[in-house]
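*Asks:* All residue numbers for the sequence shown refer to numbering that gives the first Met the number 0, where the first residue is 0 and numbers rise by one.
Beta carbons: idealized from backbone N, C-alpha and C, even for Gly.
Since this is a predicted model, take the numbers as computed values, not measurements.
What follows is a single structure, and I will ask about it in a moment.
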Amino acid sequence: MGAFLDKPKTEKHNAHGSGNGLQYGLSSMQGWRVEMEDAHTAVVGIPHGLEDWSFFAVYDGHAGSRVANYCSSHLLEHITDNEDFRVAESSGSAIEPSVENVKSGIRTGFLKIDEYMRNFADLRNGMDRSGSTAVAVLISPGHMYFINCGDSRAVLFRNGQVCFSTQDHKPCNPREKERIQNAGGSVMIQRVNGSLAVSRALGDYDYKCVDGKGPTEQLVSPEPEVYDLLRAEEDEFIILACDGIWDVMSNEELCEFVKYRLELTDDLEKVCNSVVDTCLHKGSRDNMSIVLVCFPNAPKVSEDAIKKDADLDKHLESRIEEIMTSAGEEGMPDLAHVMRILSAENIPQLPPGGGLAGKRSVIEDVYNRLNPHRENDGGAGDLEDPCSISTKWAPLEGPMEGSKNTRDLQTTLNVLNILNELVSAGGGRRISVLISRGGTPILLQLLLRASKDSPPNEELMVIMHSLLAKVGPKDKKFGVKARINGALTISLNLVKQNLQNPKLLLPCLQVLRVYCINSVNAVSLGKSGAVELLFKITGPFSKKNTGLMKVALDTLSALLKSKTNSRKAVDRGFVEGLLTIYMDWHRHDTRHRHMLIRKGILQCLKSITNIKLGRKAFIDANGMSMSPQLTAPGNWEPAESPRPPKSTARAVKRRRLAQQSGDPTGSSHPALCAPEGDIAASAPQAPRRLPCNRATSGQQECLQEMHLMAGIVEMQHRFILMSETDGEPLYGPLETEPC
């Protein structure tokens with residue numbers, strides 16, 4: 000039911016016909032599924048007195064094709080064979096059934112065929128557990144009867160717009176959910192008992208065995224919804240399609256795309272084939288079937304539309320040539336790379352509803368012509384290379400294409416939430432699988448698309464940044480991918496716009512922290528004002544939003560590892576600000592509950608003092624006075640005395656300077672004339688590290704902070720003494736061990 004092929008089967012089954020003032024065409028493709036479970040019906044002129052009536056239907060099978068295939072051959076017969084549908088004769092002329100009789104006959108026909116198939120041996124003994132949705136339209140001279148059972152869908156395009164659509168039968172719909180629960184079932188992850196994704200279907204007898212309940216009261220009901228509409232001169236076309244089509248295109252998008260294609264060709268089979276191909280390239284992983292029924296008022300071929308389409312093809316061809324000829328020494332780019340570049344550009348007059356995926360065949364033809372020596376497994380025919388989003392991530396493509404639609408947006412959020420839970424529960428292994436299957440660039444492209452909404456959906460941005468914050472550290476090329484997809488600017492702008500919104504600010508800062516692992520990204524963010532922005536977020540002691548403060552400091556520390564950003568921090572006078580903030584937190588955090596924040600501030604100071612300007616600014620801001628804070632009351636101090644720095648380096652220095660000056664004793668050098676005890680006393684003294692079994696976790700945190708501060712102060716001592724000895728340090732590095 001959920002099995003997929005390594006490569007999609009793209010062979011299509013087509014049919015077309017005309018009659019009763021109608022023209023129809025249809026197309027079906029197996030796609031990525033292991034089996035073809037879809038079926039269809041197209042009858043123009045129903046026998047036995049209904050020759051001016053027509054019937055079209057699409058059946059989306061699941062768990063097998065048995066039910067779908069039988070319904071495609073016999074459902075119409077079961078509908079027209081019951082009493083309500085039998086045509087009476089009066090004075091030798093047939094009488095058309097009334098609207099109510101037709102609707103009642105359709106309902107009875109569905110219940111009869113469902114009961115009839117239950118007696119099939121393979122369905123009765125459980126050897127076959129298949130089921131099928133059904134969407135159909137019965138067209139009389141004056142009416143259209145739309146019939147739906149399941150999540151396939153029919154739409155009517157009239158007077159240039161979608162004027163009618165059937166409603167999908169999903170378990171999460173309130174009325175469907177109530178029936179399921181009344182039958183003793185439940186709805187989990189939007190499925191009946193956590194398994195079946197539709198709440199109405201033919202077949203599926205495992206869900207139709209609740210004692211004391213009628214056929215329409217079971218967990219899954221075979222009862223269709225029937226809608227009758229009067230025909231009008233403005234009617235243009237009807238589309239019937241399974242969810243393999245609707246998963247990646249909204250009602251409006253599909254109708255606009257069909258209208259666009261009808262203005263280019265009057266071959267309805269070609270129109271249907273282009274729909275199926277476009278949906279495949281947009282990420283559909285299901286079987287795909289579509290029936291297109293055109294009325295006399297359907298769009299006609301337009302010379303102007305043909306010219307515009309030809310101009311678009313020429314533009315794409317020239318652009319692809321530019322991309323491939325500019326590759327240089329990097330070699331010929333693959334098709335996926337070409338598609339990513341094109342998808343990031345604002346190309347005018349792309350097929351409405353189809354976008355770049357609607358021109359995939361044109362792009363492939365040009366690519367194949369320009370790259371005839373491509374490898375068989377990496378050329379244009381490899382449909383695993385995405386247009387804009389990998390086909391492995393099909394559930395996200397459709398909703399993002401139609402994010403203005405509330406239902407599609409909710410689907411996107413549901414998919415991302417499930418993915419977030421899976422990644423969180425599975426740890427590094429699941430993240431690695433996600434990365435290996437192209438998950439990182441897909442999430443970044445989704446972020447890019449979602450950011451184009453004005454304003455961006457907050458819930459969507461929160462979940463996407465949370466996912467990126469988890470995936471990024473495991474992806475070695477995350478920084479490069481983020482920069483190429485423009486994610487740095489998106490996240491930084493969200494931070495600027497949401498300084499008073501901790502819910503969105505926190506995940507955005509977490510992602511910025513990951514971006515900064517890449518040094519090029521850190522410099523780029525610094526040039527965009529990230530350093531100044533993060534200094535706005537940091538502040539004096541407060542018990543509110545301490546988690547946000549910690550992440551902001553970690554991000555700032557990562558930014559300040561860039562010397563360019565450190566110089567900017569010094570120029571803006573941020574060193575004194577950091578010292579003031581640290582003193583405030585140190586003074587108020589008497590119970591040492593916020594050691595991570597205090598250490599975060601010190602890490603920022605340490606990064607800044609790695610450059611000469613930073614060390615000078617630290618001293619000018621009276622940072623050396625912070626050293627006594629290490630032993631101030633309230634800090635936990637180790638019982639053992641601190642160890643002085645080793646004098647080996649000083650002895651080596653004495654010998655080297657003596658050789659340079661010709662003084663074998665080195666007594667004439669002022670820096671070396673002082674007693675050794677004075678030099679040792681002037682150097683910073685770090686507390687000795689206690690074994691972990693001799694200190695509590697709180698004490699270890701204090702020791703870590705003290706060692707960090709000692710390292711910063713030592714650096715300043717060394718800077719002062721270097722200036723007194725022509726740039727040469729007097730002693731070696733302070734040897735401290737982290738707790």
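I'd like to know whether the C-beta atoms of Ile462 and Leu412 end up nearer to each other than 9 angstroms.
*Replies:* Cβ distance < 9 angstroms, so Ile462 and Leu412 count as in contact.
*Asks:* Return helix, strand or coil for Asp308, following the three-state DSSP convention.
*Replies:* Three-state result, Asp308: helix.
*Asks:* Taking its Cβ as the centre, do 16 or more other Cβ atoms sit within 10 Å of Pro454, making it buried, or is it exposed?
*Replies:* Counting Cβ neighbours within 10 Å, Pro454 comes out exposed, since fewer than 16 surround it.
*Asks:* Can you tell me where the beta strand (DSSP E) holding Val209 begins and where it ends?
*Replies:* Where Val209 is concerned, there is no enclosing beta strand (DSSP E), given that its DSSP letter is neither H nor E.
*Asks:* Determine the DSSP secondary structure at Gly141, reduced to helix, strand or coil.
*Replies:* DSSP places Gly141 in coil when its eight states are reduced to three.
*Asks:* For the stretch 249–294, which segments carrying the beta strand (DSSP E) assignment without a break, of at least 3 residues, lie completely within its bounds, in sequence order?
*Replies:* With a minimum length of 3 residues, the continuous beta strand (DSSP E) runs that stay inside the stretch 249–294 are 287–293.
*Asks:* How big is the Cα-Cα spacing for Leu505 and Ala356?
*Replies:* Near 35 angstroms, if we compare the C-alpha coordinates of Ala356 and Leu505.
*Asks:* For Phe156 versus Glu268, is the C-beta spacing smaller than 9 angstroms?
*Replies:* No, they are not a contact pair.
*Asks:* Short of 7 angstroms in beta carbon distance, which residues of its chain neighbour Val290, apart from the five on each side in sequence? Order them along the chain.
*Replies:* Excluding positions up to five away in sequence, the list reads Tyr23, Leu25, His39, Ala41, Phe55, Val57 and Leu239.
*Asks:* Does DSSP put His39 in a helix, a strand or coil?
*Replies:* It is a strand residue.
*Asks:* Hey, how far is the Cα of Phe3 from the Cα of Ser64?
*Replies:* Their backbone Cα atoms lie some 16 angstroms apart in a straight line.
*Asks:* Between which two residues does the beta strand (DSSP E) holding Pro7 run?
*Replies:* Where Pro7 is concerned, the enclosing beta strand (DSSP E) stretches over Phe3 to Gly18.
*Asks:* State yes or no: is the C-beta of Ala568 within less than 9 angstroms of the C-beta of Ile607?
*Replies:* Yes, these two residues count as a Cβ contact at 9 angstroms.
*Asks:* Please look up how many angstroms separate the CB atoms of Lys562 and Ile610, rounded, as I've assumed it's under 8 angstroms.
*Replies:* With a Cβ gap of about 5 angstroms, Lys562 and Ile610 count as contacting.
*Asks:* Quick check on DSSP: helix, strand or coil for Gln29?
*Replies:* Gln29: strand per DSSP, three-state reduction.
*Asks:* Taking only the alpha-carbon atoms, compute the straight-line gap between Glu458 and Leu415 and give it to the nearest angstrom.
*Replies:* Rounded to whole angstroms, Glu458 to Leu415 spans 11 angstroms at the Cα level.
*Asks:* Alpha helix (DSSP H) containing Ala56: first to last residue?
*Replies:* That residue, Ala56, is in no alpha helix (DSSP H); its beta strand (DSSP E) goes Leu49 to His61.
*Asks:* Can you look up Ala231 in the DSSP assignment and give me helix, strand or coil?
*Replies:* Reduced to three states, the DSSP call for Ala231 is coil.
*Asks:* Determine the closest residue to Val522 out of Val513, Leu558 and Gln499, with distance taken between C-alpha atoms.
*Replies:* Measuring from the Cα of Val522, the nearest candidate turns out to be Leu558.
*Asks:* On a CA-only basis, which of Gly622, Tyr581 and Tyr144 is nearest Ser53? Give me that one, please.
*Replies:* When each option's Cα is compared against that of Ser53, the closest is Tyr144.
*Asks:* Once you ignore the five residues that flank Glu232 on each side, which residues in its own chain have a CB closer than 7 angstroms to its CB?
*Replies:* Cβ neighbours of Glu232 beyond the five flanking positions: Asn296.
*Asks:* With 16 as the cutoff for other CB atoms within 10 Å, does His280 come out buried or exposed?
*Replies:* Flag for His280 reads buried.
*Asks:* What's the gap between the Cα of Pro440 and the Cα of Lys480?
*Replies:* Their backbone Cα atoms lie some 7 angstroms apart in a straight line.
*Asks:* Can Lys549 and Gly471 be called in contact, C-beta distance under 9 angstroms?
*Replies:* Not a contact, by the Cβ cut-off of 9 angstroms.
*Asks:* When you compare only the Cα positions, how much space is there between Val519 and Val247?
*Replies:* Answer to the nearest angstrom: the Cα atoms are 36 angstroms apart.
*Asks:* How big is the Cα-Cα spacing for His142 and Val136?
*Replies:* Each residue's alpha carbon lies about 10 angstroms from the other.
*Asks:* When you compare each of Ala529, Gln499 and Phe163 to Arg512 by their alpha carbons, which one comes out closest?
*Replies:* When only C-alpha atoms are compared, the closest one is Ala529.
*Asks:* Tell me where the alpha helix (DSSP H) around Phe109 begins and ends.
*Replies:* That run of the alpha helix (DSSP H) goes Val98 to Arg117.
*Asks:* Would you identify the three-state DSSP class for Ile618, choosing helix, strand or coil?
*Replies:* Three-state result, Ile618: helix.
*Asks:* Report back the beta-carbon spacing between Asp37 and Ser288 to the nearest angstrom; my notes put them in contact at under 8 angstroms.
*Replies:* Contact holds; Cβ gap of about 4 angstroms.
*Asks:* Check whether the stretch 168–177 and the stretch 196–204 touch, using three or more Cβ-Cβ pairs below 8 angstroms as the test.
*Replies:* Yes, since at least three Cβ pairs between the stretch 168–177 and the stretch 196–204 fall closer than 8 angstroms, the two stretches touch.
*Asks:* Is the distance from the Cβ of Leu408 to the Cβ of Leu418 below 9 angstroms?
*Replies:* No. Outside cutoff.
*Asks:* Given Val161, which residues of its chain have a CB within under 8 angstroms of its CB, disregarding the five upstream and five downstream residues?
*Replies:* Excluding positions up to five away in sequence, the list reads Val154, Leu155, Asn250, Glu251 and Cys254.
*Asks:* Three-state secondary structure (DSSP) at Leu21?
*Replies:* It is a strand residue.
*Asks:* Judging by CA-CA distance, which residue of Leu577, Arg590, Met582 and Trp584 is the nearest neighbour of Leu604?
*Replies:* Selected option, being the one with the closest Cα: Leu577.
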